[in-house]
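Undergrad: Residue numbers (numbering that gives the first Met the number 0): 0 to 207.
I am attaching a structure below and will ask some questions about it afterwards.
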Amino acid sequence: MTVLTKEQYSKMGKKGGTAFRHTWTEEEKGIVRMMYKGTNKSAIDIANRLTVLTSEKITLYAVKGQVQQMGLAIDKSRRWTEREKEKLAELMGKNRPEAVARLLRRSVNSVQVMAKRLGCGKRVRDGWYTKKEVSEICGVDHHKTQQWIDKGILKASFEHGVRPQKDGSRCWHINEADLREFFIQHSYELTGRNVDLFQMVNILVGDR
């Protein structure tokens with residue numbers, strides 16, 4: 000599949016052009032969430048990756064539309080203050096993103112995007128990670144991480160003994176020692192293009 004340039008994208012997706020309605024999967028949304036950095040370049044990178052992945056011509060405009068729908072676009076009408084950023088860094092160390100969003104009166108996506116930019120969205124608790132955090136570190140979607148858990152190659156337990164539900168009311172606990180063991184014993188599984196090497200090295204050397 001040919002990767003398109005920015006100029007080629009500019010000719011697609013306009014009224015009367017060759018755009019089509021693409022049905023977005025959860026995996027593709029996960030790629031958008033991981034790769035989008037608020038710039039045209041990151042949107043083009045996403046479009047190129049999805050074009051190869053789906054064998055369809057995913058346009059820059061399609062990606063930007065999905066960014067808007069997912070609430071990932073930068074809200075210029077309400078900029079983050081320095082005090083809010085400090086509060087965000089403090090809260091992300093102790094709470095889930097949903098709780099932080101409520102406390103700061105912002106959307107969950109807004110909180111997650113800013114936390115990622117500030118570098119405070121990855122590690123939050125003592126000694127364990129959620130399935131979502133592991134997915135972000137490994138550069139894969141949550142379905143792949145769940146496959147590792149189901150196959151038993153990534154050890155995980157239930158929060159308070161209750162199996163996680165789709166509503167996000169519970170989450171998986173993955174101990175750092177078990178995650179380190181997974182990296183060592185099953186490194187062949189780590190083929191994602193968005194692997195967080197910095198975080199992975201910190202886990203391997205035990206320096207958080």
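Note that the Cβ used here is the ideal one computed from N, Cα and C, for glycine as well.
1. State yes or no: is the C-beta of W127 within less than 9 Å of the C-beta of I202?
2. Would you kindly report the start and end of the unbroken beta strand (DSSP E) that includes I148?
3. Helix, strand or coil: how does DSSP classify S156 here?
4. Short check: CB of E25 to CB of H141, under 9 Å?
5. Please name the residue or residues paired with I173 in a DSSP beta bridge.
6. Evaluate the contact criterion for the region 21-35 versus the region 59-69: three or more CB pairs, one atom per stretch, below 8 Å.
7. On the CB-based measure, 16 or more other CB atoms within 10 Å of its CB, does R105 come out buried or exposed?
8. What did DSSP end up calling D166 once you bin it into helix, strand or coil?
9. For Y8, which of helix, strand or coil comes out of DSSP?
10. Near K86, which residues of its chain fall below 7 Å by C-beta distance, leaving aside the five closest residues on each side in sequence?
TA: From the atom records:
1. no
2. Run containing I148: none in the beta strand (DSSP E); it sits in the alpha helix (DSSP H), H141 to K150.
3. strand
4. yes
5. Y128
6. yes
7. buried
8. Because the pLDDT at D166 is just 49, under 50, the model does not fix this residue reliably, and the value given afterwards should be weighed accordingly. Correct three-state label for D166: coil.
9. Confidence at Y8 is low in this model, with a pLDDT of 47, below 50, so the placement of that residue is unreliable and no value is reported for it.
10. L103
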